[in-house]
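Q: Numbering (this note's numbering), first residue to last: 468 to 908. We put the CB at the ideal spot given by N, CA and C, even for glycine. Since the structure is predicted, the reported quantities are computational estimates derived from the model, not experimental observations. Quick one: the structure is below, and I'll ask about it shortly.
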């Protein structure tokens, strides 16, 4: 076995770089700590783990001397940075140029690819949620699916960024996803066609007269404004008696957008607060008096694909008793990621805080528990035969109020198409019935 003979020299170079970085970083905190000379700073600096640093230096040197092919120093150090950050938690990552650009496109609402919000689990890619009206959603990918292969490339061993890069591509190019799904015996393939994805974050429609439906698919920079326009559009059609806010399979997005959506329905009090180690990571967001729909009864729909910013909104409305939450437990991502630029085209996405609902609940790894649990279900008639009715009898009396009206319209089969939404609408109607009458001035 070849021994490392010049590790001390390499270690000294590493220590020199570390000490230099301390001095270079000091002005950043000049307003937070008293000015100190270099000796005082070194004396009070935390003790570095020498054994681990020696081990790192030895591994570095062994790769340099024993790996089958020559490896560039810069690549090894960059890989070390990538691994160091990836080992923190599933949401922290090192953003190279392409990933940094992708993140900026995602928050603006336009990006290329399949339309999937994904994370990493046991070495595979886990689908947090497919985004509405994208190749992934249209192709039948579901929240909770595990992607084990992209075309002929196994994803195990790939970083999350590497897997996402494989899913990206030119519009109209196909890609085959091999998926493992709970309840399905064997892995199966789904072929998707890549597309240029432009996501409208808010959609709206009337479920029936007086009952509006708002679907927020993700939280982008302009989501708050889009939501206000959608509510005004609904109100221009009919006076609103109730609203369903659908956050199912919404993977989250911009924190400020979640605050603005919550603020649209809450007229006072805390919306969300964050706690972290840095002073600037401790934030509190409060509602303003201006609201878009201050007194309309509401039901919020969530499921396991509702994450991050979705959970902020659901938690705030639930704590303020502004809405009833219906569905299944949410994803449980209660952490805040901050983008820390390193160069003009590289950055670190680092988890810097946890966020809490107005009542002090941490969502991290627990999620929002709905007030009323309704699982996703398929509903169908057990027997389509209607049997003999009074109207079938010979010589029956006519209805005194004229011809009976048949149930028609887009919602006639809502119970079959979307059972959770059907239950939300029924609950909303009950809330309207139980709502105290408005006082007359």
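#1: Opposite residue 767 in the DSSP bridges: which residues?
#2: On the three-state DSSP scale, how would you describe residue 719?
#3: Below 8 Å between beta carbons: does that hold for residue 710 and residue 765?
#4: Going along the chain, which residues of its own chain have a beta-carbon closer than 6 Å to the beta-carbon of residue 617, five neighbours each way excluded?
#5: Which first and last residues belong to the alpha helix (DSSP H) in which residue 786 is found?
#6: By how many angstroms is the C-alpha of residue 691 removed from the C-alpha of residue 728?
#7: Assign residue 671 to buried or exposed, taking buried as 16 or more other Cβ atoms, counted over all protein chains shown, within 10 Å of its Cβ.
#8: Runs of 4 residues minimum, wholly inside the stretch 593-662: which ones carry the alpha helix (DSSP H) assignment?
#9: State yes or no: is the C-beta of residue 734 within less than 8 Å of the C-beta of residue 761?
#10: Identify, in the order they occur along the chain, each residue of the same chain with its Cβ nearer than 7 Å to the Cβ of residue 794, setting aside the five sequence neighbours on each side.
#11: Is residue 839 buried or exposed, if buried means 16 or more other CB atoms sit within 10 Å of its CB?
#12: Can you tell which of 580, 547, 626 has its C-alpha closest to the C-alpha of residue 586?
#13: If you count every other CB in all the chains shown that lies within 10 Å of the CB of residue 529, and 16 or more means buried, which is it?
#14: Given residue 640, which residues of its chain have a CB within under 6 Å of its CB, disregarding the five upstream and five downstream residues?
#15: Sort 602, 603, 862, 643 by Cα distance to residue 622 and report the nearest one.
#16: Which same chain residues end up closer than 6 Å to residue 818 when comparing Cβ atoms and leaving out the 5 residues on each side of it in sequence?
#17: At what residues does the beta strand (DSSP E) containing residue 823 begin and finish?
#18: For residue 564, which option in 815, 833, 856 has the closest C-alpha, if you only look at C-alpha atoms?
#19: Where does residue 875 fall in DSSP's three states?
#20: Quick one: measure Cβ to Cβ for residue 775 and residue 718, integer angstroms, because I've assumed they're closer than 8 Å.
#21: Please report the straight-line C-alpha distance between residue 695 and residue 669, rounded to a whole angstrom.
#22: Tell me which same chain residues have a C-beta within less than 8 Å of the C-beta of residue 497, skipping the five on either side of it?
#23: Within its chain, find whatever has a CB closer than 6 Å to the CB of residue 606; leave out the 5 residues flanking it on each side and keep chain order.
#24: Could you have a look at residue 528 and say whether DSSP puts it in helix, strand or coil?
#25: Consult DSSP for residue 902 and reduce its assignment to one of helix, strand or coil.
#26: What is the DSSP secondary structure of residue 733, counted as helix, strand or coil?
A: Quick look at the numbers:
#1: For residue 767, which the question treats as bridged, DSSP gives the partners 712, 792.
#2: coil
#3: yes
#4: 633
#5: 776-786
#6: 5 Å
#7: buried
#8: Counting whole runs of 4 or more residues, the stretch 593-662 contains the alpha helix (DSSP H) stretches 602-605, 627-634.
#9: Yes, they are a contact pair.
#10: 715, 768, 769, 770, 837, 841, 887
#11: Taking all protein chains shown into account, residue 839 has fewer than 16 neighbouring C-beta atoms within 10 Å of its C-beta and is therefore exposed.
#12: Of the candidates 580, 547, 626, the one whose C-alpha sits nearest the C-alpha of residue 586 is 626.
#13: exposed
#14: Around residue 640: 661.
#15: Selected option, being the one with the closest Cα: 643.
#16: 556, 558, 559, 802, 804
#17: Run containing residue 823: 814-823, per the beta strand (DSSP E) assignment.
#18: The shortest Cα separation from residue 564 among 815, 833, 856 belongs to 815.
#19: With a pLDDT of 46 at residue 875, under the threshold of 50, the modelled position of that residue is not reliable, and the figure given next carries that caveat. Coil.
#20: 7 Å
#21: 10 Å
#22: Bear in mind that the predicted position of residue 497 carries a pLDDT of just 30, short of 50, making it unreliable; the figure below should be weighed with that in mind. Within the same chain, residue 497 has no close Cβ partners at all.
#23: Answer for residue 606: 657, 659, listed in chain order.
#24: helix
#25: coil
#26: Residue 733 falls in the coil class under three-state DSSP.
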